[in-house]
Amino acid sequence: MSTNDSPQGGDAALINASIAQLKDWLAAGELSANDLAAAFERRIETIDPELNSLISRVEANAPASTDGPLAGIPYAHKDIFCAKGTRTTCGSRMLGDWVAPYDSTVHERLSQSGAVLLGKANMDEFAMGSSNENSHFGAVANPWDTAAVPGGSSGGSAAAVAARLVPFATGTDTGGSIRQPAAFCGVTGIKPTYGRVSRYGMIAYASSFDQGGVIAKSAADCALVLGEMAGFDPKDSTSSDEAVPDYVAGLDGSIEGLRVGIPKQWFSDALDPAVGDAVTAAIDELRAAGARMVEIDLPDADIALAAYYLLAPAEASSNLSRFDGVRFGYRCEDPKDLQDLYERTRSEGFGSEVKRRILVGTYALSAGYYDAFYRRAQKARRLVTEHFQRAFDQCDLIAGPVTPTPAFDRGAHSDDPAKMYLEDIFTIPVNLAGLPGMSVPAGFVNGRPVGLQLIGRHFDEGRLLNVAHQYQQRVDWHERMPSIAGDSANDNREG
Amino acid sequence: MSQYAIPSGWEAVIGLEIHAQLATRSKIFSGASTAFGAEPNAQACAVDLGLPGVLPVLNEGAVRMASLFGLAIDADISRVSSFDRKNYFYPDLPKGYQTTQLARPIVVGGEVTITTGEGKKAREHTIRVTRAHLEEDAGKSLHEDFHGMSGIDLNRAGTPLIEIVSEPDMRSPEQAVAYARKIHAIVQYLGICDGNMQEGSFRVDANISVRPEGDEAFGTRTEIKNVNSFRFLQRAIEFEIERQIDLLETGGEVVQATRLYDPDRDETRLMRTKEEADDYRYFPCPDLLPVELDEATIESWRAELPELPDAKAGRYQTEYGLSAYDAGVLTSSRATAEYFEAVIAREGSDAKLAANWVMGEVAALLNRLELEIGECPVPADKLADLLERINDGTLSNKLGREVFEALAEEGGSVDAIIEARGLKQISDTGAIEAMVDEVIEANPGQVEAYRGGKDKLFGFFVGQVMKAAKGKANPKAVNEVLKRRLDGE
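Residue numbers (the working numbering), protein chains in the order written: chain X, 2 to 496; chain C, 142 to 630.
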């Protein structure tokens, strides 16, 4: 790989640079958008065969804008975002060769800001999974340890950013699908408030939970990208018209006197002690930066989990009905009649986790079971939301673990979906309440990254990013880069 | 319509579900056009096709139209209504669910008054409306011309509908048809539905059960679908009442089921039983926010309400002295009322004469040509011209009919037709006197008999004079002159 065509130290410097730094170089003419895209493309070429983080490569187009806030910055979309003319699979055989005929609002906005799409990232099929093992396009390796999962469902996005294949990637988070893979891969991810980012063109899993967001190396990069993605969209009735603050401008605010709520129930036996130590150390850093810790009560992580695994599948069972082989996507061979077309198309086109959730959801909505399951789960959802509201009377922000354990080995939970679901115990309550949440790299356990979760009030993304950024001024976890076999850039990493 | 009588000892209980397509320009959840008749799938956008990732955005025009309907029938307009998903698989249902309103419909309650029978037999009935809710229409499956396969046309998918659900308040096919016609008139008066039953803009499903007269409990009901005219509605309900009574009288049982009316065979056929019905797994649609309406908006819509059929019929009676029956017929559709009002807009017009003509000659002509009044070959202003000539004595009623026929067949102006055909009535007294004198001279025997007291012969003389005048003499003038000549000097 050539290292002469990039400023200040070649590709290694480029791939580790912040988006702000890349913008400076581009603006100063020290770097062209073409060269920048080419550097990341070379890297994808060399490293991704090992990781399988991208399902499709997209030929880099010239940026749609040369002076937009993200002009020339390469990125990857989770393959759940429609981008006109690109294959958009959602990790499923069902959409294995479906080419989106229209743009998602997120794609439209990123394009307008000048960002350059390089690929569509691997994911658990229809965003259902916590390990990226449920992809029709194969599992993704965790760049820190290829035996480990990258998390899911935005596993490809997190792995690609961790391996420096792209400066940032989009993700979606329905029950933790941005935060958990960000934690497992040692990168920074933000799931905004429900309604902050348009869902138009983002293939639905569970509509009342789904929320698009960003995975990048740092909070500062996330702030820049989120500012471009967020905002009201007339095409999404559930999007909010709340004004989008300047997230970048808010990064430098002091966190002196900030009240940080620590949910005591989250530091229990369920939490791997080593993960607990890393998270506690991170909380200590916040204290050192002037924040005050307040113990808070969030007693219902378990009922949140149960409610989520009824409500999300219920919505999914309806959302995924359109994949019937009639108009688009996979269709079984030689259907003998309509029933056969439906049955075989859906049996063959969907993977087992998707089918499991469709069945659970169908059951939960069935006549005679609706009250016992769906309605009770809605009540639980309201309860969880109320508990968060009460907690926010005492604190400005909540800090805790993202996951109970660091990344587990591929195959570890394959036979036990219930155990897999437990991975989401700290992330799901946030989705039930529609709150913004972040995952920030906070250390390592046995060489695998651990994340600190920050949870804010509705539309308080600015504060989350500010706190994460202040934390990242004091630590360098987010600057560490995994060593990947065959990666010549490894020689240049971490000064 | 021939009078159908329910077999004695039995009572029928009927409720209707009416689907009216709202006349919005674009669909309920997308910007695609709702116009009828385009090439298949030319008016289906990404949202209508249910492509992955698309989201619905509610058309506020549909909310307004549904609310207007609610206000017109004196219903409650929900300050908060919301959408649910009704889940089932069908090829012309692109998303695998229909977005509809189950738990919180936009219109709750309300009632309409119907009249059955005529004259002394006229009876008023109040039919309660349970609710009316917004929902999206499905596409169409086309089973012909595809060699063993089916075609799907999604142009109609996403067209806004209101489903108007009545209470089971009707007791005869006649009442059911009167209720359906009244709803049909109201949505057309409001301009929220074109009412075209052939194109499926206005569709009626009937829930029917029978019970022994005097029983309180409802019998087992069946639902009849696919009724696309009022005549078929009458027939389908008659057939179903008879079928159910026959079953029960011969020891059988009515099975709760959905049945299809087949107009060619004039019978209903089993479509599916209750056991075969889908479990629709309704749940709140997470893609749409609840519809919230404030008082001011609702009041501004109330102020928009046009004069509705009942109010108009009342006014026709007091203002024009029309009978209740005539006023009812003339206001039964917006188009008829508009036609009538256009005719009487002419200064010096005679509303009763106009009513007779619209309900007589015009109705007969439309019937013969199988046309709607909006397509009437004699436009309202031509009829007004014609009636003006009757009023001023130029034409007799009889000559008027001839002119009307000519207008219907050839068009042109009333005066030109009168001129060209020499239809002008003879009102000139001198000319009439000459003809009368000739008749008297030619029939001395009859004159003697008449003068001797055979009054009935007067008609004979009128006939003779009219014959001589080739029917064109002004009958009033003929009468006067004859009377004078025969009775007088």
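Beta carbons are placed, not taken as given, at the ideal position from N, Cα and C, and that holds for glycine.
8 Å Cβ cutoff met for residue i and residue j
| i | j | result |
| --- | --- | --- |
| Phe-210 of chain C | Val-328 of chain C | yes |
| Thr-90 of chain X | Ala-128 of chain X | no |
| Ser-131 of chain X | Gly-152 of chain X | yes |
| Met-230 of chain X | Gly-251 of chain X | no |
| Ala-572 of chain C | Leu-528 of chain C | no |
| Ile-439 of chain C | Ile-214 of chain C | no |
| Leu-449 of chain C | Val-484 of chain C | no |
| Ala-307 of chain X | Val-261 of chain X | no |
| Tyr-309 of chain X | Leu-465 of chain X | no |
| Tyr-457 of chain C | Ala-444 of chain C | no |
| Ile-147 of chain C | Ala-203 of chain C | no |
| Gln-113 of chain X | Ser-66 of chain X | yes |
| Glu-466 of chain C | Glu-158 of chain C | Here the sequence assigns Tyr to residue 466 of chain C, which means Glu is not the residue at that position. Going by C-beta atoms, Tyr-466 of chain C is not nearer than 8 Å to Glu-158 of chain C. |
As assigned by DSSP and simplified to three states, the class of residue i
| i | result |
| --- | --- |
| Ala-14 of chain X | helix |
| Val-59 of chain X | coil |
| Trp-151 of chain C | strand |
| Arg-269 of chain C | strand |
| Met-129 of chain X | coil |
| Gly-291 of chain X | coil |
| Val-441 of chain X | strand |
| Ala-557 of chain C | helix |
| Leu-96 of chain X | helix |
| Lys-624 of chain C | helix |
| Asp-217 of chain C | strand |
| Ile-456 of chain X | strand |
| Tyr-331 of chain X | coil |
| Tyr-76 of chain X | strand |
| Leu-449 of chain C | coil |
| Val-580 of chain C | helix |
| Arg-449 of chain X | strand |
| Thr-409 of chain C | strand |
| Phe-427 of chain X | coil |
| Phe-324 of chain X | coil |
| Glu-46 of chain X | helix |
| Lys-366 of chain C | strand |
| His-108 of chain X | helix |
| Phe-409 of chain X | coil |
| His-274 of chain C | strand |
| Leu-283 of chain C | strand |
| Pro-264 of chain X | strand |
Residue i: CB within 7 Å of a non-hydrogen atom of the ligand ZN
| i | result |
| --- | --- |
| Ala-572 of chain C | What this structure holds is no ligand at all, so the ligand ZN is not there to describe. |
Residue i - partner residues in DSSP beta bridges
| i | result |
| --- | --- |
| Met-482 of chain X | Its beta-bridge partners do not exist; DSSP assigns none. |
| Ala-161 of chain C | C:Ile-303, C:Phe-343 |
| Met-311 of chain C | C:Ile-155 |
| Leu-401 of chain C | C:Lys-366, C:Arg-410 |
| Asp-294 of chain C | C:Lys-281 |
Short CB-CB distance (under 8 Å) between residue i and chain D
| i | result |
| --- | --- |
| Leu-96 of chain X | The question asks about chain D, but that chain is absent: this structure's protein chains are X and C. |
**Item:** Contacting positions in the segment 181-208 of chain C - beta carbon closer than 8 Å to chain X
**Value:** Ala-187, Leu-190, Gly-191, Leu-192, Pro-193, Gly-194, Val-195, Leu-196, Pro-197, Val-198, Leu-199
**Asked** What residue ranges within the segment 173-258 of chain X form continuous beta strand (DSSP E) runs of no fewer than 3 residues, ordered along the chain?
**Response** 189-192, 213-217
**Message:** So if I threshold CB-CB distances at 7 Å, which residues from the segment 313-326 of chain X count as touching chain C?
**Reply:** Correct list: Ala-315, Glu-316, Ser-319, Ser-322, Arg-323, Asp-325.
**Item:** Complete beta strand (DSSP E) runs within the segment 322-363 of chain C (minimum length 3 residues, chain order)
**Value:** 343-353
**Interface residues of the segment 191-207 of chain X facing chain C [CB-CB below 9 Å]** = Ser-199, Arg-200, Tyr-201, Gly-202, Met-203, Ile-204, Ala-205, Ala-207
**Asked** Which residues, taken in chain order from the segment 354-368 of chain X, show a beta carbon closer than 7 Å to some beta carbon of chain C?
**Response** Thr-363, Leu-366, Ser-367, Ala-368
**Prompt:** Counting only runs that start and end within the segment 345-398 of chain X, where is the alpha helix (DSSP H) found for 4 or more residues in a row?
**Reply:** 353-366, 377-395
**Contacting positions in the segment 478-501 of chain C - beta carbon closer than 9 Å to chain X** = none
**Residues of the segment 223-245 of chain X whose Cβ lies closer than 8 Å to any Cβ of chain C, in chain order** = Answer in chain order: Pro-235, Lys-236, Asp-237, Ser-238, Thr-239.
**Request:** Quick one: which unbroken alpha helix (DSSP H) runs of 4-plus residues sit fully inside the segment 521-554 of chain C? Chain order, please.
**Result:** 521-532, 538-551
**Prompt:** What residue ranges within the segment 171-256 of chain C form continuous alpha helix (DSSP H) runs of no fewer than 4 residues, ordered along the chain?
**Reply:** 187-190, 201-213
**Item:** Under 7 Å (Cβ pairs) to chain X, residues found in the segment 205-234 of chain C
**Value:** Arg-226, Asn-228, Phe-230, Pro-232
**Message:** Counting only Cβ-Cβ distances shorter than 9 Å, please list the residues of the segment 78-91 of chain X near chain C, keeping chain order.
**Reply:** Ile-81, Phe-82, Cys-83, Thr-89, Cys-91
**Item:** Residues, ordered as in the chain, of the segment 415-443 of chain C that lie near chain X by beta-carbon distance below 7 Å
**Value:** Asp-420, Arg-422, Phe-424, Pro-427, Asp-428, Leu-429, Leu-430
**Item:** Contacting positions in the segment 255-282 of chain C - beta carbon closer than 9 Å to chain X
**Value:** none
**Prompt:** Of all the residues that make up the segment 236-255 of chain C, which are near chain X by a beta-carbon distance shorter than 7 Å?
**Reply:** Lys-236, Gly-237, Tyr-238
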